[in-house]
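Below is one structure, written out as structure tokens; comments come after it.
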Amino acid sequence: MAILGPEGVNAISRVAPIHLEMRTAYVEAPVARQLGLHDGQVVQATATVVNQQLKLALNEHIFNLPLQPYIKEGDLVQLRAQLLPAGKWALQLLHTGNFAGPEAPQAAIPTRLNTLLFQPGGFASLLTLLRPGVLESLVPPVQDAGELKKRITAQRLSMGSLQAQTLKRFVLGHSKTSEASLAEGEPVADNTKVLLRLLMAERARVEEDSGDTQESLHHALDEVEAAQVQSAQNLRKGELNFALVIPFRDADPVALHFEQKGNKPGQPKNPLVVNMHTQSRVLGEVWLKTTISNNAQVDLTMWALNKDVADLAKFNASELTDELESAGLRMGSFQVYNAPRPEALEDHPPTEHGSLVDTRA
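Under the UniProt record's numbering, the first residue of the sequence shown is numbered 1, with each subsequent residue one higher.
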């Protein structure tokens with residue numbers, strides 16, 4: 001059996017979730033609760049065809065959809081759960097997962113990759129686990145526990161003495177997946193995903209798999225791998241979409257997200273956007289959006305829940321402008337808001353990460 005890691009998705013075309021042939025089934029709230037649906041979750045149902053009507057069986061519930069020419073009796077189809085404003089739920093048909101019979105137009109994308117491709121972004125679990133000392137405290141009392149703790153601590157940077165070159169090395173070190181290194185015959189250096197897997201393996205070896213902790217570790221690993229898979233898909237389209245979390249020894253972790261749309265001939269070069277987010281227990285929750293245009297102009301927008309932090313940022317704006325100019329950059333604008341970042345507001349709890357629901361089980 002071939003092992004297909006995140007790098008392997010370069011050979012797979014992602015199925016776009018919105019097409020003219022997409023269909024939606026609507027679900028009442030009580031049924032959604034029985035199914036355990038979460039907003040953004042991808043679930044798997046079995047297709048049956050009765051009197052030219054497509055019926056999808058999800059656990060003990062049946063949903064009707066118009067017949068699709070590429071779905072046959074016994075196929076497994078995937079649906080994304082979406083919470084609607086009125087309280088109802090929608091199950092959006094994404095694509096088929098497996099095809100029954102010899103007339104399948106293409107091989108099915110592995111289930112694990114499907115889950116990662118459609119998983120909502122973000123690092124809710126990882127940001128909590130990478131707080132100073134948290135991962136280290138989860139190492140079980142085994143003979144080589146001290147060595148694993150040292151490896152975890154060695155991955156942490158120091159916020160108090162952070163240098164640009166140190167940050168650059170960390171980011172570049174996480175831009176290449178372990179699977180890619182193995183495929184090229186290179187040694188695999190420690191990174192967040194490697195250490196998470198080692199920790200999970202050690203806990204499983206001594207049967208120390210308490211429910212909440214093990215679930216958090218699995219969720220964090222899903223977040224890391226989903227970011228890698230989705231980054232590979234965007235890179236294939238000529239776009240930059242790279243996200244990671246930086247752990248510190250002396251501060252709460254920071255999530256970074258680099259974005260740049262692909263450039264088109266005859267049009268201005270798209271800017272590089274760097275988004276930063278931290279849930280600091282000292283500064284409060286902070287978001288920073290940095291837009292770099294023409295390799296010279298920098299536009300900054302900051303949101304901070306703590307008023308003192310927002311006021312301090314405004315006070316130091318002129319000093320920041322001077323530092324940028326000394327580095328050959330020009331400050332275009334600097335806006336500070338004592339409020340949460342608008343797109344960070346949620347009308348409902350965040351999606352629980354995890355494997356898609358297999359109704360055959």
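We put the CB at the ideal spot given by N, CA and C, even for glycine. From a predicted model like this one, the values you see are computed outputs, not experimental measurements.
Between the Cα of valine 273 and the Cα atoms of Ala251, Lys261, Ala204 and Pro253, which residue gives the shortest distance? Lys261
Go ahead and label proline 349 buried or exposed: buried means 16 or more other beta carbons lie within 10 angstroms of its beta carbon, across all protein chains shown. Note that proline 349 scores 42 on pLDDT, short of 50, meaning its location in the model is unreliable; the coordinates nonetheless yield the value given after this. With fewer than 16 other Cβ atoms within 10 Å, it is exposed.
Please report the straight-line C-alpha distance between glutamate 225 and leucine 116, rounded to a whole angstrom. 7 Å
Give the single residue among Thr128, Val298 and Phe170 whose Cα lies nearest to the Cα of aspartate 252. Thr128
What is the rounded straight-line gap between the Cα of isoleucine 246 and the Cα of proline 85? 35 Å
Which of the three DSSP states, helix, strand or coil, is assigned to arginine 341? Under the three-state reduction of DSSP output, arginine 341 falls in the coil class, being neither helix nor strand.
Given asparagine 241 as reference, the closest of Gly185, Leu79, Gly121 and Lys314 once Cα atoms are compared: Of Gly185, Leu79, Gly121 and Lys314, the residue nearest in Cα terms is Gly121.
Element boundaries [alpha helix (DSSP H), containing serine 175]: Where serine 175 is concerned, there is no enclosing alpha helix (DSSP H), given that its DSSP letter is neither H nor E.
Every unbroken beta strand (DSSP E) within the region 276-327, with a cutoff of 3 residues, ordered by chain: 284-293 and 297-304
Note down the Cα distance separating serine 125 from arginine 131, rounded to an integer number of angstroms. 11 Å
Sort Ser280, Pro265 and Arg330 by Cα distance to threonine 291 and report the nearest one. Arg330
Do you know how far the Cα of leucine 235 is from the Cα of glycine 146? 38 Å
Would you report the Cα separation of lysine 237 and glutamine 230, rounded to the nearest angstrom? 11 Å
Could you compute how far the alpha carbon of asparagine 114 sits from the alpha carbon of glutamine 92? 15 Å
According to DSSP, which residues form a beta bridge with histidine 257? Ala243 and Asn275
Closest to glutamine 143 by C-alpha separation, out of Leu157, Leu167, Glu202 and Leu162, would be which residue? Glu202
Check whether the Cβ atoms of serine 333 and aspartate 299 sit closer than 7 Å, and answer yes or no. yes
Using the C-alpha atoms, what's the distance from alanine 232 back to valine 50? 40 Å
Start-to-end residues for the beta strand (DSSP E) that takes in glutamine 44: Run containing glutamine 44: 42-50, per the beta strand (DSSP E) assignment.
In terms of residue numbering, what span does the alpha helix (DSSP H) encompassing arginine 33 cover? 29-35
Taking the beta strand (DSSP E) that leucine 54 belongs to, which residues open and close that run? For leucine 54, the enclosing beta strand (DSSP E) covers residues 53-58.
6 Å CB neighbourhood of lysine 269 in its chain, flanking five on each side removed: Answer for lysine 269: Asn263, listed in chain order.
Give the DSSP-derived three-state secondary structure of lysine 336 in the structure shown. Here residue 336 turns out to be valine, not lysine, going by the sequence shown. Strand at valine 336.
Looking at C-beta atoms only, is the number of pairs between the region 165-176 and the region 278-287 that lie closer than 8 Å three or more? no
Identify which residue in His61, Val309, Leu35 and Leu244 has its Cα closest to the Cα of alanine 220. Leu244
Can you list the alpha helix (DSSP H) stretches of 4 or more residues lying completely in the region 128-210, in chain order? 134-137, 145-154, 164-173, 178-183 and 192-205
Could you have a look at histidine 38 and say whether DSSP puts it in helix, strand or coil? coil
Would you mind stating whether lysine 289 and threonine 278 have Cβ atoms separated by less than 7 Å? No, the pair does not count as a contact, with Cβ atoms beyond the cut-off.
Secondary structure at alanine 227, three-state DSSP: helix, strand or coil? helix
Would you say leucine 300 faces chain E, with C-beta separation under 7 Å as the test? You won't find chain E in this structure, because it holds only one protein chain.
Rounded to whole angstroms, what's the CA-CA distance from aspartate 308 to tryptophan 89? Just pull it up for me. 41 Å
For asparagine 191, is the classification buried or exposed, using 16 other Cβ atoms within 10 angstroms of its Cβ as the cut-off for buried? By the 10 Å Cβ count, asparagine 191 comes out buried.
So what's glutamine 119 in DSSP terms, helix, strand or just coil? coil
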